[in-house]
Structures are given as C-alpha cells and as structure tokens.
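These notes are about the structure you will find just below.
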Amino acid sequence: MVEKSDLPHFGDIVEAMIARYPLLARPTVERLVESVHAHFADARVQTFVPILVRREVESRLRYLDLDQRRQSNSALHIPGSRRALSATQ
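Taking our numbering, I'd label the letters of the sequence shown as residues 96 to 184.
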C-alpha cells in the first residue's frame, strides 16, 4: 500500500473535501483519495494526477453526500406527516 505522505497533495485534497462535505467521515475521504490515486499511479504523465484525483474524489463524494443527506432527512420524517422535517427546523 502507498504511504499517504507519498501521495502528492494528499492532505490538501482531503482537507478540501472534508470542508466541502462535512457529513462524511475523514477515514472515508482518506480511503477514497488513496483508492483514486492508486488508479492513476502508473499514468505516464504525473503532472495532472492531483487534479484528476481531486475531480474524481469530488464526483464520488457528491453522491455519498447526497445519500447521507437523504438518510438524515428520512430519519427526521414523522410518520403520518406529509413532509419530512428539514435539518434546520
């Protein structure tokens, strides 16, 4: 397995994604960054790998975040009511 310190811009990508998607756990974000980076590890041109990793991670986290929000909203649903309560109420 690749060490996190060997991944270019690992910390920057993780911190940016945690700030953008605060409902997701840090270990989830870190594992995803490692996994996506591994996909690009053998790329001939490494210059753009951090950008590609960030874009792919953000795309995947967007879906995870939507699922988390849906689960949070469904947990706030009152049986018999016509709508779910929002998290801000």
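Don't be surprised by glycine CBs; every beta carbon is placed ideally from N, CA and C.
Whether residue i touches residue j by CB criterion (8 Å)
{"i": "V109", "j": "V131", "result": "no"}
{"i": "R164", "j": "L118", "result": "yes"}
{"i": "V144", "j": "M112", "result": "no"}
Exposure label - residue i; buried when at least 16 CB within 10 Å
{"i": "L127", "result": "buried"}
Spatially closest choice to residue i from the options, by CA coordinates
{"i": "V124", "options": "F105, R139, S167, N168", "result": "F105"}
* Sufficient close CB pairs (3 or more, under 8 Å) joining the stretch 155-171 to the stretch 133-145 -> The way I'd put it, the stretch 155-171 doesn't touch the stretch 133-145; fewer than three beta-carbon pairs between them come closer than 8 Å.
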